[in-house]
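Worksheet: the structure to be examined is printed underneath.
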Amino acid sequence: MKMKKLLVLGLSAVMAAAMLTGCGGSDKKEEKSLTVTEGTLTMATNAYFPPYEYYEESDEIVGIDVEIAQAVADKLGLELKIEDMEFDSIITAVQTGKADMGLAGMTVTEERKQSVNFSDTYATGIQSVIVKEDSAIKSLDDLQGKKIGVQLSTTGDIYASAEPEDGGFGKDNVEQFQKGADAVNTLVAGKIDAVIIDNQPAISFVKSNEGLIILDTEYVQEEYAACISKDNEELLTKVNEALAELKEDGTIQSILDKYIVAE
Ligand code: GLN
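In our numbering, the protein residues as written are 156 to 418.
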């Protein structure tokens, strides 16, 4: 029996513990309701996506999403805990309660909405194309038939892998990598012709690698939001309330400005 996710915000630990004992067995330890009741807000992310989430020397995960999640957690009186995982595990982690929410520069898509709820959006993204400085590829049209690197299961992957009549370049022309940085390294090594990835990570990868440029084109525009289990409507409401306050008082904008320097 799948235990119905408890709406736990605002419940005392004692009440929640009693409810948990009432409806679940010992194998329910990972229910997200339990982590939230323990005063922890667990965020699933993939910490190789600068400037949204990345490791600083100190082994600490920092970035826009981390600071926004921290500000939301503070508003909810919860302690933020970060679980770093592959990007394509985040939605499952949220669905199974391993994490309370996913923040990963994650684009809101109709398909993902079948699996999870999305909060109100807090940032926008653009899919960008990175090529070598001396590349013959100057526009999206030049990409047809070329080898394109993407990060597995990202929207860049989904769009690029679509057939040309649907605006993509065809699966056979797309190579998937677990991390954006691996795709970029393969481009630097000359084994692929381009990388399609979100614009801010693209800027960061181009800065940290010699000889790369971003095409002056916007492949797809997107909106980023936190994903939350469909079984936890209350957390969704609370996160949206917190986000609204943080937008209103300028906190979100100042976090974005701290990491995204106007060109
Ligand atoms: N915005 C893209 C997506 O949601 C990429 C996110 C990421 O790689 N962290 O698919």
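C-beta: ideal position from N, C-alpha, C; glycine also.
Bear in mind the structure is a predicted one, so any value in this text is a computation, not a measurement.
Buried or exposed (CB count within 10 angstroms, at least 16 for buried), residue i
i: glutamate 186; result: Only weak support is given to the placement of glutamate 186: the predicted model assigns it a pLDDT of 45, under 50, and the question is left unresolved by the model.
i: glutamine 376; result: exposed
i: lysine 393; result: buried
i: proline 356; result: buried
i: proline 319; result: exposed
i: glutamine 331; result: buried
i: serine 359; result: buried
Residue i versus the options, residue with shortest Cα-Cα distance
i: asparagine 387; options: Tyr209, Tyr203 and Ser274; result: Ser274
i: lysine 268; options: Ile351, Asn395 and Lys385; result: Lys385
i: threonine 235; options: Thr251, Ile216 and Val286; result: The question names threonine, but residue 235 in the sequence shown is leucine. Leucine 235 has its Cα closest to that of Ile216, out of Thr251, Ile216 and Val286.
i: aspartate 239; options: Ile303, Gly257, Ala399 and Ile351; result: Gly257
i: valine 305; options: Ala278, Val339, Gln299 and Glu318; result: Val339
i: glycine 420; options: Gln333, Ile368 and Ala228; result: Nothing in the structure corresponds to residue 420, since the chain is present only between 156 and 418.
i: tyrosine 203; options: Val227, Glu396, Asp353 and Asp297; result: Asp353
i: glutamate 373; options: Ala381, Thr197 and Ile351; result: Ile351
i: lysine 362; options: Gly323, Asp321, Ser409 and Val416; result: Val416
i: isoleucine 219; options: Thr197, Tyr379 and Thr264; result: Tyr379
i: glutamate 400; options: Val227, Asp214 and Gln299; result: Val227
7 Å CB neighbourhood of residue i in its chain, flanking five on each side removed
i: threonine 309; result: Phe242
i: aspartate 316; result: Going by the sequence as given, residue 316 is serine instead of aspartate. Closer than 7 Å at the Cβ level, and outside the excluded window around serine 316, lie Gly323, Lys326 and Val329.
beta-carbon residue i near the ligand GLN non-hydrogen atom, thresh 8 Å
i: alanine 315; result: no
i: glutamine 376; result: no
i: phenylalanine 332; result: no
i: asparagine 201; result: yes
i: methionine 476; result: Outside the modelled stretch of the chain, which goes from 156 to 418, sits residue 476, for which no answer is possible.
i: glycine 218; result: no
i: isoleucine 303; result: no
i: aspartate 337; result: no
i: glycine 323; result: no
i: aspartate 353; result: yes
i: threonine 309; result: yes
i: tyrosine 210; result: no
i: glutamine 306; result: yes
i: phenylalanine 242; result: yes
Other residues of its chain near residue i: CB distance less than 6 Å, five sequence neighbours each side excluded
i: leucine 370; result: Val284
Any C-beta of chain B under 9 Å from that of residue i
i: valine 249; result: This model lacks chain B altogether, as it is built from one protein chain only.
Ordered list of alpha helix (DSSP H) runs contained in the stretch 190 to 251, each at least 4 residues: 219 to 231 and 245 to 251
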